[in-house]
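Counting along the sequence shown from 1, when you hit position 96 you're at 141 in this note's numbering, and nothing is skipped either side.
For glycine and all other residues, C-beta sits at the position ideal for the given N, C-alpha and C.
On a predicted model such as this, the values are computed, not experimentally measured, just so you know.
Reviewing the structure listed below.
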Amino acid sequence: MNTKDRKILLLNPPLTIKCEDYKAFGLFPPLGLAYLAGVLIEHGYEVEIRDLMAEGAPQPEKIEDGMIRLGPRQGEIEKLVRNFSPKIVGISNTFTSFSSDAVWLARTIRESLPEALVVMGGAHASMEPRAILAGGAVDVVVIGEGEFIFLELVEAVFGGHLEKARRIGGTIWAVEGEIIDNGWQEPIADLDSIPFPAYQLLPMEHYIWQKKANFATVMRRPVGHIITSRGCRYNCIFCSTTKYFKSFRPRSPENVVREIKLLIHDYGIREMHFHDDSIMSDPKYVRDLCQAILKEGLDICWQVSQGINSALLDDDLLELMHRSGMYRVGFPIESGSPEILRFVRKKIQLDKVKNLIRKCNSLGIYCFGCFMIGFPEETKDQIEQTRDFIMDSGLDYAKISITQPLAGSELYEIYKTLGCCQGVNETGSTYFHTSYDTVNFKAAELNEIRQKMLRSFAWQRLKRILGWRGFARYIVPKVRSREHLLYFLKVSWLALRGC
């Protein structure tokens with residue numbers, strides 16, 4: 046069987062968001078699909094990836110109720126599917142708020158190519174497989190880490206062994222109205238055994254230049270994106286990572302460095318963004334990775350997009366990370382209220398976080414904090430505690446989000462128990478503009494509180510850095526070159542814009 050008879054199409058769905066959220070929108074490569082493609086190509090399959098969201102980002106389509114869709118029109122999608130004519134179509138469904146886009150895409154595929162096997166995977170699909178299958182457009186959901194499960198499924202289907210495929214662990218099927226649930230497989234123990242993502246199949250120009258909204262999150266271009274570990278050692282109630290990826294498992298530093306060197310060689314990458322869920326789950330791993338970057342003499346700067354848990358971070362490790370190229374660090378603090386931190390099981394010490402922020406400022410590391418408001422029973426006083434912490438923190442930027450219940454998380458069940466999910470249209474509800482009421486606040490109130498907090502922080506930061514004392518403490522350590530000056534101005538503009 047030649048590759049022309051072994052066609053697989055992998056799709057990242059279009060994205061439907063509120064018009065006002067478009068300014069804060071950024072593009073990142075669908076690394077999950079690229080990992081699947083890397084495995085399949087190694088086994089002789091013809092694979093195509095289409096990032097429909099990226100294709101439609103430059104010219105979003107206006108739809109009803111102040112919403113826009115980023116992606117090709119339905120007719121264009123139908124045409125590209127029929128032209129490629131794959132036997133198997135894989136669709137990514139990662140986020141609860143955008144699951145309806147993935148389901149819409151599955152229906153479009155089913156109507157335009159009814160003989161194809163439609164497979165869905167990703168975090169949300171793994172948490173809600175039966176709901177996905179109930180829609181009738183998806184044949185099978187791959188749950189958990191899909192690289193080798195999907196390969197096993199593909200080989201069985203192309204080999205004419207459909208009944209065997211329906212017994213593969215890590216898959217849930219809908220067959221003539223019946224559900225065949227084969228349970229979860231163990232996560233992949235050796236991440237180095239997975240081939241590198243098939244970057245050559247992605248429209249890399251969309252991701253490496255990081256244009257438009259998220260310009261202030263980047264110091265250098267082109268930008269590379271990488272995942273160096275999976276899983277998390279923590280168990281925060283608002284996250285489903287521990288259910289999806291299970292335990293923390295890092296790649297070897299040598300394997301990571303090889304991929305970085307590949308990105309530098311093929312795409313001229315000058316900055317790396319690590320998209321790990323919890324890279325600081327193992328401080329020794331972070332130390333070894335930094336030393337490997339230094340040993341290779343890689344001329345890159347880097348940051349961790351999801352932030353770094355402060356619980357296991359110390360000054361010595363922070364200094365090593367800075368020497369290896371880390372110029373921007375985020376702390377997922379979540380709340381300034383000790384009661385809320387206990388509720389979400391966030392084991393951090395707020396005083397230690399402030400000390401680390403001061404250390405970052407002295408080293409010249411840009412520092413941002415991630416915060417959440419709008420927990421289901423959070424009070425006005427608890428939100429004020431978060432506001433007070435932000436104002437007194439010394440951060441360069443505060444990323445304030447409104448809590449969203451993610452399928453598979455404990456918080457999702459709490460929302461349902463309290464009735465906070467009733468009548469809510471999940472589509473378009475984001476960390477920037479929520480659609481969820483809580484016990485004490487309407488959604489519109491939370492959206493306004495968030496905007497006020499961002500504006501207050503922006504002006505407070507401006508006052509803090511003006512004058513000789515602020516200049517010496519916050520500006521001098523960070524503005525060491527023209528490159529750093531330009532970045533400082535971008536960060537300041539982002540804070541003042543309050544997005």
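Extent of the continuous beta strand (DSSP E) to which residue i belongs
i	result
T216	T216 to V220
I224	E223 to D226
P59	Here P59 belongs to no beta strand (DSSP E), and DSSP marks it neither H nor E.
L408	Taken as a continuous stretch (DSSP letters only), L408 belongs to no beta strand (DSSP E), being part of the alpha helix (DSSP H) at L395 to L408.
V199	Counting along the chain, V199 falls outside any beta strand (DSSP E), though it belongs to the alpha helix (DSSP H) covering E192 to F203.
R211	No beta strand (DSSP E) contains R211, which DSSP labels as neither H nor E.
Cutoff 7 Å; reference residue i; Cβ partners in own chain excluding five residues on either side
i	result
L81	L55, G135, G191, E192 and F195
H478	K63, E65, D66 and N492
V536	A261, Y411, D441 and Y442
S157	E123, V126 and R127
Residue(s) in a DSSP beta bridge with residue i
i	result
V187	T216
I447	I418
Y411	R373
C346	E316
P248	Answer is none; P248 lacks a bridge partner.
L115	L60
P295	S274
S323	S323 pairs with nothing; no bridge assigned.
G135	L55 and V164
Pair within 8 Å by beta-carbon distance, residue i and residue j
i	j	result
A452	T141	yes
I345	I314	yes
I435	F416	yes
L539	Y252	no
T153	V187	no
C335	L365	yes
M264	Y519	no
G214	G228	yes
L97	I122	yes
R495	I378	no
Y372	Y411	yes
G381	T431	yes
R403	G352	no
S454	I393	no
V268	H318	yes
S510	Y476	Looking at the sequence itself, residue 510 is Ile, so the reference to Ser does not match. In this structure, Y476 does not lie closer than 8 Å to I510 by Cβ.
T61	G473	yes
A219	L178	yes
Residue i - containing alpha helix (DSSP H), residue span
i	result
L507	A488 to I510
F434	K425 to M436
Q104	Note, Q104: premise wrong, no alpha helix (DSSP H); not H, not E.
V148	S144 to S157
L362	D360 to R368
I264	Note that residue 264 is Met in the sequence shown here, rather than Ile. Unbroken run through M264: none, as it is neither H nor E.
M172	A168 to M172
R387	P383 to F388
I459	E455 to T462
D482	Segment: none, D482 is in no alpha helix (DSSP H) and carries neither H nor E.
R332	P328 to E341
Residue i versus the options, residue with shortest Cα-Cα distance
i	options	result
Y289	C277, R296 and W218	C277
K329	L401, G342, L357 and L386	L357
R303	T286, E341, Y279 and Q336	E341
V301	I272, G468 and I188	I272
T462	H88, Y476 and T483	T483
I53	W229, L125 and N354	L125
S369	N354, Q348 and F376	Q348
Y90	L76, V398 and P131	P131
G222	G181, P240 and R51	G181
C405	D361, E422 and V92	D361
D433	P383, S474, I86 and K391	P383
L85	S526, Y460 and R51	R51
L401	K391, S501, G414 and V389	G414
S326	I338, W218 and T286	T286
F129	M165, K107, I113 and V92	V92
Chain-order list of residues whose beta-carbon lies under 6 Å from that of residue i (same chain, five-residue window excluded)
i	result
L541	A503
A210	L198, A201 and V202
M46	No answer about M46 holds up, because its pLDDT of 48 lies below 50 and its placement is not dependable.
E173	A452
A147	P58, I136 and N138
I428	I418
Cutoff 8 Å; reference residue i; Cβ partners in own chain excluding five residues on either side
i	result
R294	P232, I233, A234, L236, S274, R275 and G276
L530	V524
A79	I94, P242, A243, Y244, L246 and L247
M249	P74 and Y312
L343	V302, I305, K306, I309 and G370
Residue i Cβ short of 7 Å to the ligand PLP heavy atom set
i	result
L60	Looking at this structure, you won't find the ligand PLP or any other ligand, since it has none at all.
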